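Chains as they are written, first to last, in this note's numbering: chain F, 1 to 122; chain E, 123 to 526.
Structure record follows, encoded as structure tokens.
Written out as structure tokens, the structure is:
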């Protein structure tokens, strides 16, 4: 069965481009435009992996990751952050919240696909 | 980043009008007077109570003077130290010079006691006054230091936020472009999808160009090199030139756009490119932050032969009252307010950009000796009012200036 991914990104066009790329790789893709929408999506159906932007309106990626980690049902869902902040501190904050990987924008889609495959195969 | 810089980052010069500044001064003066009045009332009240309590211990005829001493030293030295000093001096005087308490007789000793008492009260009162002053100065310095530190911290937070936003706004479209070009290069998508990808790439490129333009312009302003060359400009022509692009954008969001331009208006003192850019920013914001299917109204009128006013009104979600005074500040980005006029539960659109558009609009309009202002109510809409002096008015003012 195809693995289900949740992509959380406020940039509408990037969200669409990511979804198309991942669907072409054979994944089942759900999308959300911020952390709050992501929580709704997760409560409806648990994804196998979450790819999330950090800087978003309403609820940012860090808060989303904290909430997911604090809940027993979602604590183990792997998360990949698409970080826009170049500073290393932010990546460290992200990793402290239990995020599995941080990919800096602008990234090569192949790197993202490799990270997704790597985490899902583990 | 020193405090001065920090404050100038926060308080953009020219942000508040002169009327605002005068109102603020008047308000703080009134507050000061009220505060002094309150202190005076308290001082007299407390001094009276203290005098009543101490009267049995004092030689006759001293209590009015004692009251006076308390009031004076408290007024000069501050409430606490003044009363304490006077009370102490009274106690010391009374206990030293009147060993058998309560057996007063009016005589020469009383005169001596009185003199000693007053001298001691005055000396202590003066000492406490100078201490009070030093204390007040120290407090003032501390307060200023704290205010400067808070301003510096805020400025640094604003800068950090700006860097994060700029990085986000630049990198996100680049990522989209990268992913879409990869798809176009590697796969051979059907014609319809191909066109869609190309359109997305084109709009992300436009967004990048706008951003880079704004960033460069604001750094040029920083360097003091923004060149605005106002001349005789027909505002109607500028609006008409932008109309097509406004209509396309409004149609994308199904907004009803009404452009109500007076048939003839005096020529304004403006830089036509600067005016076009300011106007575009304002109208594009109205389009972007009004829920789809909204109403946007642009109207113009002239005030005598002195001023031309351009108003852009929308029935969008409105600007939060706390954001409203800052929307023309550099790097300021408002919060997304949830209550849309449409009442839909859909989440508000992302607050886009890096907080430079309206700031640049204000700088440009002020460079033309005009002004820009916004009125807004949450859930009702926002009106931005752009006022430009007429060319004749500026010429008149200039010649009056030369005549003086």
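Backbone N, C-alpha and C fix where the C-beta goes; we use that ideal spot for every residue, glycine too.
As the structure is a computational prediction, the values presented were derived from the model and not from experiment.
Query	Result
Measuring CB to CB, does residue 427 of chain E end up less than 9 Å from residue 390 of chain E?	no
Beta carbon of residue 481 of chain E, beta carbon of residue 325 of chain E: below 9 Å?	no
Residue 322 of chain E versus chain F: which residues are under 8 Å apart at the beta carbon?	13, 16 and 17
Suppose you measure from the CA of residue 53 of chain F to the CA of residue 399 of chain E; what does that come to, to the nearest Å?	32 Å
My understanding is that residue 432 of chain E touches residue 483 of chain E, with C-beta atoms under 8 Å, so please give their C-beta distance in whole angstroms.	Not confirmed; about 12 Å, so no contact.
Is any beta-carbon of chain E found at less than 9 Å from that of residue 21 of chain F?	yes
Taking 9 Å as the CB-CB limit, is residue 104 of chain F close to chain B?	Of the protein chains in the structure, F and E, none is chain B.
The stretch 267-296 of chain E: which residues have C-beta closer than 7 Å to a C-beta of chain F, in chain order?	286, 289, 290, 293, 294 and 296
Under the three-state reduction of DSSP, which class applies to residue 496 of chain E: helix, strand or coil?	strand
Would you decide whether residue 437 of chain E is buried or exposed? Buried here means 16 or more other CB atoms lie within 10 Å of its CB.	buried
Within the same chain, show all residues whose beta-carbon is closer than 7 Å to that of residue 414 of chain E, passing over the 5 residues directly before and after it, in chain order.	375 and 376
Are three or more beta carbon pairs between the stretch 494-503 of chain E and the stretch 360-375 of chain E nearer than 8 Å?	no
Curious, which full-length alpha helix (DSSP H) runs of at least 4 residues does the stretch 27-87 of chain F contain?	35-44 and 61-70
Kindly indicate which residue of E:154, E:171 and E:298 has the alpha-carbon position closest to the one of residue 20 of chain F.	E:298
What residues in its chain sit with their C-beta under 6 Å from that of residue 506 of chain E, if we drop five residues either side in the sequence?	404, 434 and 496
Thinking just about the alpha-carbon of each residue, which of E:392, E:420, E:320 and E:308 is nearest to the one in residue 369 of chain E?	E:420
Could you spell out where the beta strand (DSSP E) holding residue 615 of chain E opens and where it closes?	With chain E covering only 123 through 526, there is no way to say anything about residue 615 of chain E.
Which residues does DSSP list as the beta-bridge partners of residue 101 of chain F?	F:80
Going by DSSP, which residues form a beta bridge with residue 422 of chain E?	E:432
Starting from residue 318 of chain E and walking both ways along the beta strand (DSSP E), at which residues does that stretch end?	Per DSSP, residue 318 of chain E belongs to no beta strand (DSSP E); it is in the alpha helix (DSSP H), 313-344.
Give the secondary structure of residue 110 of chain F by DSSP, where H, G and I count as helix, E and B as strand, and everything else as coil.	helix
Tell me which residues share the same chain as residue 187 of chain E and place their Cβ nearer than 7 Å to its Cβ, disregarding the 5 neighbours each side in the sequence.	240
For residue 388 of chain E, collect the residues of the same chain with a Cβ closer than 6 Å to its Cβ; drop the 5 residues on either side in sequence, then sort them by chain order.	424, 427 and 512
Decide if the stretch 441-448 of chain E is in contact with the stretch 267-284 of chain E; the criterion is three or more beta carbon pairs, one per stretch, under 8 Å apart.	no
Count the other CB atoms, across all protein chains shown, that sit within 10 Å of the CB of residue 106 of chain F; report buried if there are 16 or more and exposed otherwise.	buried
Excluding sequence positions up to five away, which residues of its chain have a Cβ less than 6 Å from the Cβ of residue 479 of chain E?	403
Who does residue 158 of chain E pair with in a DSSP beta bridge?	In the DSSP output, where bridge partners are listed per residue, residue 158 of chain E has none listed.
Are the CB atoms of residue 392 of chain E and residue 305 of chain E nearer to each other than 9 Å?	no
Cβ of residue 156 of chain E within 9 Å of Cβ of residue 169 of chain E?	no
Less than 9 Å separating the beta-carbons of residue 294 of chain E and residue 112 of chain F?	no
Any C-beta of chain E sitting closer than 9 Å to the C-beta of residue 140 of chain F?	For chain F, the structure presents residues 1 to 122; residue 140 of chain F sits outside this window and is missing.
Where does residue 385 of chain E sit, in a helix, a strand or coil, going by DSSP?	coil
Output the distance between the C-alpha atoms of residue 76 of chain F and residue 328 of chain E, rounded to the nearest integer angstrom.	40 Å
Going along chain F in order, which residues have a C-beta closer than 8 Å to the C-beta of residue 449 of chain E?	By Cβ distance, chain F contributes nothing, its closest Cβ being about 17 Å from residue 449 of chain E, past 8 Å.
Only counting the same chain, and skipping five residues up and downstream in sequence, which positions put a Cβ closer than 8 Å to that of residue 57 of chain F?	10 and 34
Taking Cβ-Cβ distances shorter than 8 Å, what residues in chain F pair up with residue 313 of chain E?	By Cβ distance, chain F contributes nothing, its closest Cβ being about 16 Å from residue 313 of chain E, past 8 Å.
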